[in-house]
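Under the working numbering, the first residue of the sequence shown carries the number 8, and numbering increases by one thereafter.
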Amino acid sequence: MEQEAFQGISSLEELISTTRQLERMFGKNILEIEVLKEAIERGQEKAHLTTVCLSLNDLSSG
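Written as structure tokens, this is what we have:
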């Protein structure tokens with residue numbers, strides 16, 4: 008389910024919005040948006056999306 012949340016995201020704004028929704032859902036900060044923004048600007052979004060999904064898995068199992 009967690010990874011499905013990121014399917015179809017095509018812009019930084021959509022990613023931030025989705026991340027904020029997930030933060031509210033879990034009641035925790037999933038990641039630092041500025042770090043993510045910098046990573047996307049450098050073209051590293053795939054690695055960071057993987058990190059987010061792993062973080063979500065940790066939250067949902069713990």
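Glycine included, each C-beta is placed from N, C-alpha and C at the ideal position.
Simplified DSSP assignment, three categories, for residue i
i     : result
Arg49 : coil
Met8  : A caution first: Met8 carries a pLDDT of 48, below 50, which makes its placement in the model unreliable, though a value can still be read off. Three-state DSSP puts Met8 in coil, outside helix and strand.
Range covered by the alpha helix (DSSP H) that runs through residue i
i     : result
Ser24 : Leu19 to Phe33
Beta-carbon gap between residue i and residue j smaller than 8 Å
i     : j     : result
Leu19 : Ile47 : yes
Residue-level contact to chain B via CB, residue i, 8 Å cutoff
i     : result
Thr25 : Looking at the structure shown, chain B is missing, and only one protein chain is on hand.
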